[in-house]
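Written out below as structure tokens is the structure these notes cover.
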């Protein structure tokens, strides 16, 4: 596990548990970190191991210890980070972004996956099958190439066990999901999350690499501020006709000071 800090240490602390293969230096992740710090958060970005095999020892315990030592009281998480965050058992508000609470496998892959998970090896030999289009239109090919292309049977077995042992849902939490997500199992998210806590968004698995990310980000900020999901769905800044401070197609413009 690797943690980097971003923003002013005097601002409100926010633990951000990144997804599988995400790094703070990736342009799409950096965009989100920039916006979070501009909004007034001191962000602790957690980069998770990509080929672990003991969920509690290698993932949950180190992140929990880090959060407790720093009295973190607000957690943002994405994908695999959302699976870890759900297991932290912290008395904090969680905002989940496309959490990996179920495997998105279908057809023959769904039949083969249980067999693959049983293979006694930590060697990454199972292709992820994730494309740039699955993640978001603004995802760079270099970012995808910088992440893991394969997963090991031991890692998949560990993830499956963590998904099967998810603790009860916290009614104060908010979950963002794209109904067209092809990386994680959207149905598993829906089965676990009460409809009152669910916020759909337009885009790929990584909202921060999707063209409508400014609109989604406004709702994420509101959720971090304590808004409930129903108010975000009914009147959030993703409503038709609303615009964010930067809706450019490439999304490379960073927030400017109003001073």
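Numbering (our numbering), first residue to last: 72 to 330. Heads up, the beta-carbon is just placed ideally off N, CA and C, and yes, glycines get one too.
Can you check DSSP and say which residues form a bridge with residue 168?
Position 97 of the chain shown, counted from the first residue, corresponds to residue 168. Residue 168 is bridged to 149 and 247.
Tell me the residue span of the alpha helix (DSSP H) that contains residue 133.
Position 62 of the chain shown, counting from 1, holds the residue named residue 133. Run containing residue 133: 132 to 140, per the alpha helix (DSSP H) assignment.
Is it the case that the Cβ atoms of residue 259 and residue 172 are separated by a distance below 8 angstroms?
Within the chain shown, numbered from 1, the residue matching residue 259 stands at position 188. Within the chain shown, numbered from 1, the residue matching residue 172 stands at position 101. Yes, they are a contact pair.
What residue range is occupied by the uninterrupted beta strand (DSSP E) comprising residue 100?
Reading the chain shown from its first residue, position 29 is the one you call residue 100. Where residue 100 is concerned, there is no enclosing beta strand (DSSP E), although the alpha helix (DSSP H) it sits in stretches over 98 to 109.
Below-8 angstroms beta-carbon distance, residue 229 vs any chain D residue
Structure shown: chain D not included; a single protein chain is present.
Residues near residue 81 in its chain [Cβ-Cβ closer than 6 angstroms; skip 5 each side]
By one-based count along the chain shown, residue 81 stands at place 10. For residue 81, where only same-chain residues beyond five positions count, there are no Cβ hits under 6 angstroms.
Starting from the C-beta of residue 151, find all residues in its chain whose C-beta is less than 7 angstroms away, skip the five residues before and the five after it, and write them out in chain order.
Position 80 of the chain shown, counting from 1, holds the residue named residue 151. So the list reads 90, 91, 119 and 171, once near-sequence residues are dropped.
Are residue 210 and residue 280 close, meaning C-beta to C-beta below 8 angstroms?
As a working note, residue 210 is residue 139 in the chain shown. As a working note, residue 280 is residue 209 in the chain shown. Taking 8 angstroms as the Cβ cut-off, residue 210 and residue 280 qualify as a contacting pair.
Looking only at its chain, what residues have a beta carbon closer than 8 angstroms to the beta carbon of residue 85, apart from the 5 residues adjacent to it on each side?
Numbered from 1 along the chain shown, position 14 holds the residue referred to as residue 85. The answer, listed in chain order, is 107, 112, 113, 114, 115, 143, 145, 146, 147 and 295.
Where residue 229 sits in the DSSP three-state scheme:
In the chain shown, counting from the first residue as 1, residue 229 sits at position 158. Helix, per DSSP.
If you draw a straight line from the C-alpha of residue 230 to the C-alpha of residue 169, how long is it?
Position 159 of the chain shown holds residue 230. Position 98 of the chain shown holds residue 169. When the Cα atoms are used, residue 230 and residue 169 turn out to be separated by approximately 15 angstroms.
Tell me the DSSP secondary structure of residue 198 in three-state form.
Translated into positions along the chain shown, residue 198 becomes position 127. Here residue 198 sits in strand by DSSP.
For residue 276, the nearest candidate out of 149, 217 and 72 (CA to CA):
To locate residue 276, count along the chain shown from 1; it is residue 205. The shortest Cα separation from residue 276 among 149, 217 and 72 belongs to 149.
Give the secondary structure of residue 189 by DSSP, where H, G and I count as helix, E and B as strand, and everything else as coil.
Position 118 of the chain shown, counted from the start, is the residue given in the question as residue 189. Here residue 189 sits in coil by DSSP.
Collapsed DSSP secondary structure at residue 215 in the structure displayed
The count along the chain shown starts at 1 and reaches residue 215 at position 144. When DSSP states are grouped into helix, strand and coil, residue 215 belongs to the helix group.
For the beta strand (DSSP E) that contains residue 259, what are its first and last residues?
Here residue 259 is taken as the residue at index 188 of the chain shown, counted from 1. That residue, residue 259, is in no beta strand (DSSP E); its alpha helix (DSSP H) goes 257 to 263.
Touch test, the segment 248 to 265 against the segment 192 to 206, Cβ-Cβ under 8 angstroms, three pairs minimum
yes
Just checking my contact of residue 221 with residue 191 at CB under 8 angstroms: how many whole Å lie between their CB atoms?
Locating residue 221 in the chain shown gives position 150, where the first residue counts as 1. Locating residue 191 in the chain shown gives position 120, where the first residue counts as 1. Not really, about 17 angstroms apart at Cβ, beyond 8 angstroms.
Between the C-alpha atoms of residue 135 and residue 125, what's the straight-line distance to the nearest angstrom?
Locating residue 135 in the chain shown gives position 64, where the first residue counts as 1. Locating residue 125 in the chain shown gives position 54, where the first residue counts as 1. Roughly 15 angstroms between the two C-alpha positions.
Strictly by DSSP, which residues pair up with residue 73?
By 1-based counting over the chain shown, the position of residue 73 is 2. Partner(s): 118.
Rounded to whole angstroms, what is the Cα-Cα separation between residue 301 and residue 131?
What you label residue 301 is simply residue 230 of the chain shown in a count that begins at 1. What you label residue 131 is simply residue 60 of the chain shown in a count that begins at 1. Taking the straight line joining both Cα atoms gives about 30 angstroms.
C-beta atoms of residue 269 and residue 291 nearer than 8 angstroms:
Residue mapping note: residue 269 aligns to position 198 of the chain shown, counting from 1. Residue mapping note: residue 291 aligns to position 220 of the chain shown, counting from 1. The answer is no: Cβ separation not under 8 angstroms.
Quick check on the burial criterion: 16 or more other C-beta atoms within 10 angstroms. Buried or exposed for residue 233?
On the chain shown, residue 233 is found 162 positions in, with the first residue counted as 1. Classification for residue 233: buried.
DSSP three-state assignment for residue 87, whether helix, strand or coil
Taking the first residue of the chain shown as 1, we reach residue 87 at position 16. DSSP places residue 87 in strand when its eight states are reduced to three.
Applying the criterion that 16 or more other CB atoms from any shown protein chain within 10 Å of the CB defines a buried residue, is residue 244 buried or exposed?
Sequence index remark: in the chain shown, residue 244 carries index 173 (1-based). So residue 244 ends up on the buried side.
Let's test the definition: count the other Cβ atoms within 10 Å of the Cβ of residue 263 and tell me whether it reaches 16, buried, or not, exposed.
For this step, residue 263 is matched to residue 192 along the chain shown. Buried, because 16 or more other Cβ atoms sit within 10 Å of the Cβ of residue 263.
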